[in-house]
Every structure is written in structure tokens, then in C-alpha cells.
């Protein structure tokens with residue numbers, strides 16, 4: 092970086108940081124803050140008040156993850172192209188036009204002074220570290236800033252809030268497939284006519300399956316209503332699919348799917364790698380806990396595995412907050428002010444993505460005389476509009492310059508306008524049950540840490556608007572679960588899987604009462620478990636194509652583990668993690684039907700040998716020393732691939748088959764989490780209905796289920812024998828390495844491209860794993876956060892000693908102790924830094 096540029100930016104940014112402190116934090120008097128780092132570099136913040144605690148927290152995050160956090164801030168605010176150039180302009184435009192970013196700023200006026208202070212303190216501490224870095228760039232500036240020729244900025248409380256809004260609400264509570272589902276039905280209609288198209292769609296994407304496993308134990312039979320085609324469906328205009336962020340197999344941003352070539356590549360990746368290869372669809376996180384009645388040598392035991400993805404630096408950072416109203420330890424996502432996985436020595440808590448339906452889309456009719464108006468409640472109304480200024484880094488004559496571009500953003504009665512197509516005369520708006528409540532959600536999570544009982548924690552979580560599963564345990568071993576969030580009361584006849592007319596007739600009536608939310612405390616089974624499955628038996632699935640709740644659900648692996656013995660020691664609860672991380676999430680649901688189909692058949696020696704191997708297999712996808720999965724894995728992959736094609740392609744058509752075709756196995760690079768694919772779920776539901784002598788909604792097997800299973804297996808065996816020879820014991824399928832990528836969930840770089848970390852095979856487990864053990868006098872806590880706590884790389888390329896020092900521990904299913912008291916932290920190797928807070 093040229094010295095003149097560096098000095099100019101330092102001067103500007105130092106002025107910004109100082110002005111920020113002077114304006115927002117005048118007249119504040121606070122004690123010193125101690126940041127004590129343990130042997131793994133985990134910071135514990137000690138202060139006398141809440142301001143000091145969060146000042147130290149923000150400072151420590153900036154020490155560890157400055158470049159990652161700066162790029163995350165730019166990602167969620169739509170400011171990436173300002174520093175990385177035109178490639179990221181479509182992403183910035185997508186973020187600015189999809190989300191009501193000014194709304195979060197307005198929410199600050201509605202929060203208490205004490206709550207605002209927490210966010211201001213975090214921003215002030217973060218900015219203090221930025222000030223130090225700018226003053227000593229050769230020693231403190233992360234290499235990535237130097238390489239990309241820009242510098243970090245001081246933060247505001249708004250930036251802190253937007254990190255939460257972008258990483259939680261925008262990422263995990265905004266999943267939607269309604270337009271894609273509509274396009275599927277319209278394609279099927281062209282092929283089969285309306286009625287048959289509807290049956291195929293409903294057999295692929297249902298709302299309630301009484302056989303789907305639930306976290307709240309079932310207490311009665313689920314009554315399923317008729318799945319009738321909505322009366323408005325035929326009248327909906329043909330519209331474009333949802334625009335999505337497309338990444339390549341390295342997780343790097345490639346564009347927005349509205350562009351033809353980007354869309355083609357996006358669909359190819361979904362077809363080959365499955366929906367879990369894309370952050371637009373990937374489900375995330377598992378949890379299991381046993382109460383005192385099922386614990387041995389403890390009052391209660393829990394393990395949480397948040398599946399955020401494999402990023403470098405880690406999506407997760409460890410932290411301890413000690414002082415004021417806070418005394419807790421644990422870890423959280425991307426330096427959030429709220430600790431997502433933690434304990435305060437009275438209660439412990441964790442979370443997984445709820446993935447319920449909080450979001451609906453509406454098709455609007457534009458005024459043919461004025462496309463800035465839409466038809467609503469009997470009249471044409473003006474869109475609420477505003478302009479967003481986006482600065483883009485460009486090169487002119489070899490010199491970097493910033494050009495300003497204007498983007499018109501629209502909002503309708505239901506919500507933000509995501510599609511505006513005057514040529515077609517339509518627009519699409521999106522209603523979000525959590526919109527306008529992002530800040531209250533964040534602060535409820537922050538304040539959860541202050542509670543001393545499960546009852547208090549559950550009351551606090553009522554203010555969480557996003558669809559998050561919350562779990563709690565106290566020191567007595569009581570366990571509880573809440574499916575949090577706010578959910579819409581829809582108009583009669585509104586099918587939540589599809590867009591609805593936007594003329595006002597299907598606008599939401601209200602939000603459902605919180606008493607509707609599924610919850611349970613100390614269930615008779617003495618355990619609680621979840622892997623993004625259905626919360627309770629009457630709770631409908633969302634429209635998200637990639638995650639329909641059916642009997643074929645990976646959470647069954649956890650249920651089977653927890654049911655196999657009456658009590659568990661802490662080591663045995665932890666061991667469940669390894670047992671399910673490599674478990675097959677598809678074959679267990681199909682193998683009984685395959686055996687039935689082959690029973691009595693005259694199998695040749697090769698087919699008989701292959702079937703015997705499949706039945707004797709432990710269904711663990713564990714690679715050998717040569718980086719290959721075992722013969723049985725190769726056979727499972729081949730059989731299910733053939734079955735999906737033979738059973739589904741003739742019904743859904745070539746142009747829609749990519750939605751069904753993936754085997755969902757780890758034979759190609761995967762994203763955050765592996766789960767049973769949509770095509771497999773549909774076939775299992777079909778086979779289950781036939782096994783009960785019921786008529787399925789649509790029979791993909793055309794009355795020949797056993798014959799088709801038989802033929803698919805034989806075909807798969809023949810294919811493998813041709814490709815790899817006639818000895819099943821020598822069949823193999825390569826295991827791609829699991830690599831931590833230097834990009835975030837939007838594909839934006841957050842580390843240098845030279846940074847690569849990997850393990851030999853895919854593990855379907857948390858980005859971190861934490862183990863909490865309830866004792867009479869508090870909690871014992873352990874975790875593993877790969878690759879490490881720090882993301883710092885110096886200008887000359889030297890990594891922090893804590894950059895990857897937890898990788899080996901993670902790979903071998905080990906963990907480190909999380910100290911709680913100051914004495915525990917300082918009893919081993921540690922480092923103390925004291926901050927003077929003004």
C-alpha cells in the first residue's frame with residue numbers, strides 16, 4: 092500500500108474514531124477492563140459494569156477477527172464493492188434492495204438506555220482497537236487489509252446491530268422457495284395439466300406428515316386436512332424464480348441467479364451437490380440433552396453442534412463476560428453481542444435454526460400507466476421508495492477510484508419488493524414476521540444471560556422474533572425447549588407453500604399468539620433432541636423446498652442413539668457426536684423396502700454379494716487411509732442415484748429434475764450440513780403410504796414400487812461392476828476433503844486466499860461443539876472451536892499462534908475446558924491486558 096494513501100486514511104479514520112467517542116460516550120465514567128486470555132487465546136472480560144464488559148468484548152473481537160468482522164459488516168450493509176470492486180456490486184444491490192436496512196436504525200429509538208449502552212460499549216471497544224491498529228499498521232494491521240489496499244473503520248452501535256440482523260434474521264429466518272415452487276407447478280402444468288401437476292407438487296412438498304419425528308413428543312394422532320389446490324393458483328402470473336446468491340464449490344461469490352449463466356451453474360450445483368451445497372438453503376445445527384433421570388455421574392448433560400459452515404476464520408468465537416449483570420462463558424456466532432451457546436453457572440442454553448415459516452411472498456399487479464404503483468385493497472397505491480447510494484471501487488488509469496451508483500428500493504404494504512418487472516406488469520413483495528423486531532430479538536438474547544432459572548429464560552425468549560429453537564438446562568438437570576419466533580395468522584385459503592395474490596385479500600390477519608409456539612419441559616423420555624426437524628406434531632413445514640419434514644429425517648439418528656440405553660455418562664453423550672457425524676441419512680429409510688423388493692428374487696452371485704454387504708454395513712461414511720469411502724458407500728450412492736432418476740424423472744420432467752436429483756451424500760464438496768434430499772423424502776413418503784395400503788397423493792412408482800426398486804438395485808450393481816470390476820469388496824468412492832474456506836456465507840472473502848485448512852473427510856457436525864455438564868454447584872463446560880480463536884495474520888504473513896491450534900482437537904473429537912472463575916482462568920497459562928476506559 093502506498094504510504095501517502097495509508098497516511099491519508101489513517102488521519103481520516105482516527106478522526107472518525109475520536110469523534111465517535113466524543114459524541115456518543117461523553118460523561119461516561121467506567122472502571123478499567125481486564126482481558127484475560129487463556130492458553131487457547133479465549134478472552135475473558137472482567138469489569139465492574141455492563142459498559143466495561145461490552146467495551147472489552149468489542150475490543151477483544153477486533154483483536155481476534157478484525158478483517159473478518161469488517162467484511163461481515165460490509166456484507167450485511169451492502170458495502171463490499173466499495174473495497175473489493177465491481178464483482179460484488181450485484182451482491183450489494185441484492186442486499187440493499189432485499190432488506191429494510193434503515194428500519195434497524197429506527198429501532199434504536201424504541202430501546203432502553205441500558206440496552207443501547209451495551210451496543211454502544213461494544214462499538215466503542217471495537218473502535219478503540221481500530222484506533223490502535225491504524226496507529227501502528229506495520230505491527231497490528233491484518234495482512235488482508237494491506238493486500239486489498241483499504242483500512243478498517245471505527246464502528247457504530249448500528250453496525251453492531253446489523254451484524255446480528257444480517258447473520259441471524261437475514262440468513263436463518265428469511266428462507267423462502269415460494270416463487271420457485273410456483274415455477275415448478277407451472278412447469279408441471281405444461282407437462283401434465285393442472286390437476287396432475289398439483290398432485291405431483293403436493294407429493295413432493297407437503298405441509299404435515301404425521302410420521303415425521305418431532306422434538307416435542309407426540310401425544311396423539313395428527314389429523315391431516317385435504318391438500319386442495321388454492322383457488323387463486325391458476326390466476327397467478329408467470330413470474331421469475333427467486334434471485335439468490337450463487338457461490339461456486341469453493342464457496343466464492345459468483346453472482347445473483349437472475350443472470351442466465353449464473354442461474355445455469357447454480358442449478359447444476361444443486362443437481363450434483365445437493366441443496367446443502369448452497370448457503371441459500373443449507374439447514375443448520377443439532378442438539379441433544381439428557382435430564383437427571385437419564386444421566387449417570389451428572390445432573391444433566393447437553394451437547395450443541397451449530398452447523399454454520401466451515402469458514403476461515405471460524406464462524407464461532409469463544410468468550411467470557413464477567414461483571415455488571417453478566418457472568419457467563421461460552422461461544423457465539425461471528426462475535427455477536429449475544430452468546431448463543433453458554434452458561435452462567437445457574438442455567439445453560441443453546442440453539443438451532445427453527446426453519447419454520449415466517450415469510451410469505453405476494454404477487455402484485457402493477458399499474459400499466461404507472462409502474463411505481465400497485466393494486467391493493469381496491470386502488471392503485473404508490474410504492475414507498477428511497478434511493479441507496481452504493482460506492483464501487485474501480486480502476487482508472489491504474490489508480491483506484493470510487494464511483495457512486497444509485498439504486499431505487501421499493502416497499503409495498505406487505506414488505507420489501509424483491510422483484511419489479513414493469514414489462515410483465517408484476518412485482519413481488521415479501522412479508523416477514525420478524526421485520527422491525529431485529530433489535531428486540533438481539534437484546535432478548537443478550538438479556539437471556541442475566542436469567543437464573545429456566546422459567547425466567549423462557550419469559551425472556553418471548554421477545555425473540557426470529558425462528559430459533561432454544562434449549563435450556565439448570566444445575567438440577569431440568570431440561571426444556573422452546574420453538575421461538577413470531578408467526579403469521581394467514582387468511583383462509585392461503586397456501587403457505589406458494590405466493591399469494593397481493594391485492595390485499597390474502598394479507599396476514601395478525602401474528603399468532605406466542606402460546607401457539609411449541610414448547611416442552613422435562614419430557615417423560617428424559618431427553619430433548621433436534622436437528623432442524625419438526626418442533627411438534629401439529630406444526631406445519633415451511634415452503635422451503637430443501638427442507639420438508641417427513642419420516643426420512645436425519646434427527647432419527649440422534650433419537651436412535653438416545654433410545655439405545657437407559658442412562659448416559661458425559662463421555663457417552665459426547666460420543667454420540669462421532670456416531671452421528673458420519674451416519675448415512677438416506678439408506679436407513681430405503682433399505683427395508685429394497686430388501687422387500689429383492690426377497691425371493693433370483694440374484695446372481697455379484698448381486699447377492701452386494702446386497703449382503705449393504706445389509707452388514709454400519710452405514711458410516713468413514714474414509715480409509717487412501718481417502719476413499721468403503722464399497723457399501725459406493726453402492727448406496729449408485730443405487731439411490733439410479734432410483735431417483737428412474738422413479739422421478741419421467742414424472743417431474745428434465746427441466747425440474749435438478750430439484751430432486753441429488754443423492755445428498757458427501758461424495759462432492761458440501762456446505763454446512765448434510766441432510767436427506769427432497770427426492771429421497773418424497774420416495775420414502777410414497778413407499779410408506781403403499782406399505783399401509785393407502786393411496787399416495789401421487790405414485791411416483793406407477794404401481795410398480797417393488798419392481799422399480801429391484802431394477803434400480805440391479806442396474807446400480809451392473810454400473811459399478813462395469814466401472815470398477817466384478818468384486819464388490821474393491822468398489823470405492825472418493826471422499827472429498829472437508830475444507831475451511833476463507834469466505835463468509837455470502838461468498839465474500841474474509842481471509843487471504845492462501846489460507847486453507849482441511850480434514851480428510853466430511854463430518855456432519857457442528858462448526859463448534861460444546862459439552863455442558865450440570866453439577867450441584869454449577870456447570871462444567873467444554874468446547875472445540877476449529878481452526879482456532881484468532882484470525883490474525885500479520886502483514887508479513889505470520890499467523891497468530893491461536894489461528895489453527897484447535898483443529899487437531901476437533902478432528903479427533905476432543906475438547907478443551909472452558910474456565911469460569913478468574914482463579915480457574917489464571918491457574919494455567921494466560922495473558923492479561925488492561926484497558927483504560929474513558
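Residue numbers (the numbering used here): 92 to 929.
All residues carry an ideal CB built from backbone N, CA and C; glycine is no exception.
Inset, instruction - Could you tell me how far apart the beta carbons of residue 282 and residue 744 are, in whole angstroms, since I believe they sit closer than 8 angstroms? - result: 5 angstroms
Legend entry - Selection from 150, 273 and 288 that minimises the alpha carbon distance to residue 280: 288
Legend entry - Assigned secondary structure, residue 108 (DSSP; H/G/I helix, E/B strand, else coil): With a pLDDT of only 38 at residue 108, under 50, the local geometry of the prediction cannot be trusted, and no value is derived from it.
Legend entry - Alpha carbon of residue 252 to alpha carbon of residue 198, nearest angstrom: 10 angstroms
Inset, instruction - From the DSSP output, read off the bridge partner residues of residue 433. - result: 421 and 440
Inset, instruction - Please list, in chain order, all residues of the same chain as residue 347 whose beta carbon is under 6 angstroms from its beta carbon, the five residues on each side excluded. - result: 181, 185 and 334
Legend entry - Reference residue 238; option with closest CA among 406, 845 and 599: 845
Inset, instruction - Taking 8 angstroms as the threshold, find out whether the region 823 to 841 comes into contact with the region 330 to 345 through three or more Cβ pairs. - result: yes
Inset, instruction - Could you please give me the residues that DSSP links to residue 620 through a beta bridge? - result: 379
Inset, instruction - Alpha carbon to alpha carbon, how far is residue 338 from residue 457? Give it in angstroms, no decimals. - result: 32 angstroms
Legend entry - Closest residue to residue 954 among 463, 911 and 372 (Cα-Cα distance): Residue 954 is absent from the structure shown; the chain starts at 92 and stops at 929.
Legend entry - Same chain, Cβ closer than 8 angstroms to residue 918, neighbours up to 5 away in sequence not counted: 910
Inset, instruction - Using beta-carbon positions only, say whether residue 332 and residue 271 come within less than 8 angstroms of one another. - result: yes
Inset, instruction - Would you give the residue range spanned by the alpha helix (DSSP H) that residue 396 belongs to? - result: Segment 391 to 396 is the beta strand (DSSP E) holding residue 396; no alpha helix (DSSP H) there.
Inset, instruction - Keeping to the same chain, check which residues put their C-beta closer than 6 angstroms to that of residue 119; ignore five residues upstream and five downstream. - result: Residue placement at residue 119 cannot be trusted, given a pLDDT of 48 that sits under 50; what the coordinates show is reported in the next sentence. Hits under 6 angstroms: none found.
Inset, instruction - Let me know the secondary structure DSSP gives residue 141 once reduced to three states. - result: helix
Legend entry - CA-to-CA distance, residue 614 to residue 858, given in whole angstroms: 28 angstroms
Inset, instruction - Below 7 angstroms CB to CB, which residues in the same chain sit around residue 202 once its five sequence neighbours on both sides are set aside? - result: 530 and 534
Inset, instruction - Could you have a look at residue 791 and say whether DSSP puts it in helix, strand or coil? - result: coil
Legend entry - For residue 753, the residue or residues it bridges with in DSSP: Residue 753 is not bridged to any residue.
Legend entry - Neighbourhood of residue 807 by C-beta, 6 angstroms cutoff - its chain only, sequence neighbours within 5 removed: 729, 730 and 733
Inset, instruction - Measure the CB-CB distance between residue 767 and residue 623 and report whether it falls below 8 angstroms. - result: no
Inset, instruction - Take the Cβ of residue 316 as the centre, count every other Cβ of all protein chains shown within 10 Å, and call the residue buried at 16 or more, exposed below. - result: exposed
Inset, instruction - With DSSP as the reference, label residue 653 as helix, strand or coil. - result: helix
Legend entry - Classification of residue 916 by the beta-carbon crowding that lies within 10 angstroms, buried from 16 upward: buried
Legend entry - Candidates 177, 358 and 200: closest to residue 487 by CA position: 177
Legend entry - Alpha carbon of residue 660 to alpha carbon of residue 307, nearest angstrom: 23 angstroms
Inset, instruction - Compute the Euclidean distance between the alpha carbons of residue 679 and residue 364, then round it to the nearest angstrom. - result: 20 angstroms
Legend entry - Min CB distance residue 279 to chain D below 8 angstroms: No chain D is present in this structure, which holds just one protein chain.
Legend entry - Limits of the beta strand (DSSP E) - the one that residue 610 falls within: 610 to 612
Inset, instruction - Taking 8 angstroms as the threshold, find out whether the region 708 to 726 comes into contact with the region 664 to 683 through three or more Cβ pairs. - result: yes
Inset, instruction - Inspect the beta-carbon positions of residue 648 and residue 618 and report whether they are closer than 8 angstroms. - result: no
Legend entry - Buried versus exposed, by CB contacts within 10 Å (16 or more), residue 477: exposed
Inset, instruction - Within the region 571 to 613, note down every full beta strand (DSSP E) run reaching 3 residues or more, in order along the chain. - result: 610 to 612
Inset, instruction - Note down, in chain order, each residue of its chain lying with its Cβ closer than 8 angstroms to the Cβ of residue 304, except the 5 sequence neighbours on either side. - result: 624, 625, 642, 644, 646, 647 and 650
Legend entry - Local Cβ density within 10 Å of residue 585, reported as buried at 16 or more and exposed below that: buried
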